[in-house]
Amino acid sequence: IHSHNVYCIHHSQVLTNSLSLSFLLINTNSQTMATSDGSSNAATKEEAVQVEPKTGISFPVKLDDGKILYCVGYNKKSLLGLSIKAYGFGLYVDSDKLKDVLKSKIEKAPSKPTEEMYQLAIDGDFGMTIKMVVSFSGVKLSMAKKGFTEAMRESMKKLTGQKNEELSNKVFGTTSDKIKLRLGSEMIVSKLPGYVLETKVNGELVSRVESELLCRAYFRNYLGEDTLECEKESREMFGQSMLSLF
């Protein structure tokens with residue numbers, strides 16, 4: 001489920017790799033604000049977005065809750081022997097809390113990202129969010145549930161030696177297949193303070209589980225040292241973003 005190419009940004013700074021170029025766009029919406037004398041002035045509200053280049057899906061660089069977009073990427077699935085781009089995603093982080101965690105454990109910035117830094121990001125009790133947007137109309141919720149569950153079982157096994165199927169199945173809970181996924185549908189998985197993993201589909205809460213192990217296993221898929229080969233460079237980019245917090 002987490003086989004993807006990822007392009008990372010830190011705050012408004014865009015990082016690119018040799019194969020792909022990420023774009024930072026500014027959308028300006030005009031708003032009218034009343035002045036004290038009853039007249040009105042036009043004010044503008046700028047919204048920065050990061051475009052995932054393979055799917056064309058854009059993600060705001062900052063969520064309403066303050067989390068910062070660190071990475072965008074896409075997921076590939078095999079359907080009838082064909083490789084499809086199932087969805088684009090953005091990974092958001094509570095940057096201030098991550099900075100506090102890193103500085104509390106590491107006094108001086110390393111010359112390059114260390115495994116300790118990645119582990120602190122995976123294990124930390126602070127907010128992280130994965131926002132996934134469906135980019136292929138053939139994606140069904142049952143496919144997404146199956147892929148997530150399989151990935152979680154493998155991650156659990158690497159952490160504990162057991163697949164822990166009961167806990168792995170809780171990411172999507174008892175989500176009804178009546179919830180339809182269409183182009184633009186959103187699946188959002190968040191780690192909340194207190195090690196609560198929350199999953200929403202099309203804005204509907206489908207599970208909320210308090211489990212440090214479940215939170216670690218989920219984000220380990222993206223930041224663990226044994227990520228897929230295609231993710232090695234993206235993981236390095238995430239590490240460089242962490243270095244910039246020192």
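By full-length UniProt numbering, the letter at position 92 of the sequence shown is numbered 92, and the numbering carries on one by one without gaps. For every residue, glycine included, the Cβ atom is placed at its ideal position computed from N, Cα and C. Keep in mind that this is a model prediction, so the values were computed, not measured.
The Cβ atoms of Gly-184 and Val-133 lie closer than 9 Å to each other. Under the three-state reduction of DSSP, Phe-219 is assigned to helix. Shortest Cα-Cα distance from Leu-159 to any of Leu-245, Cys-71, Tyr-218 and Ile-84 involves Tyr-218. Secondary-structure assignment with DSSP links Phe-89 through a beta bridge to Gly-73 and Met-132.
Nearest neighbour of Leu-223 by Cα position, chosen from Asn-164, Pro-113, Gly-194 and Glu-165, turns out to be Pro-113. Under the criterion of beta carbons closer than 8 Å, Thr-129 and Val-171 do not qualify as touching, at roughly 14 Å. Only buried fits Gln-50, as 16 or more other CB atoms lie within 10 angstroms of its CB. Here the C-alpha atom of Ser-211 lies approximately 33 Å from the C-alpha atom of Thr-55. Under the three-state reduction of DSSP output, Glu-52 falls in the strand class. Across the structure, Val-196 and Ser-244 are spaced so that their CA atoms are roughly 27 Å apart. DSSP places Thr-160 in the uninterrupted alpha helix (DSSP H) bounded by 141-160. By the CB criterion at 9 Å, Asp-94 and Phe-126 fall inside the cutoff. Per DSSP, the beta-bridge partners of Phe-59 are Gln-50. Residues Leu-243 and Phe-246 of the same chain have their beta carbon placed closer than 8 Å to that of Ala-109, with the five preceding and five following residues left out of the count. When DSSP states are grouped into helix, strand and coil, Glu-212 belongs to the helix group.
In this structure, Leu-120 keeps its C-beta atom at 9 Å or more from the C-beta atom of Tyr-92.
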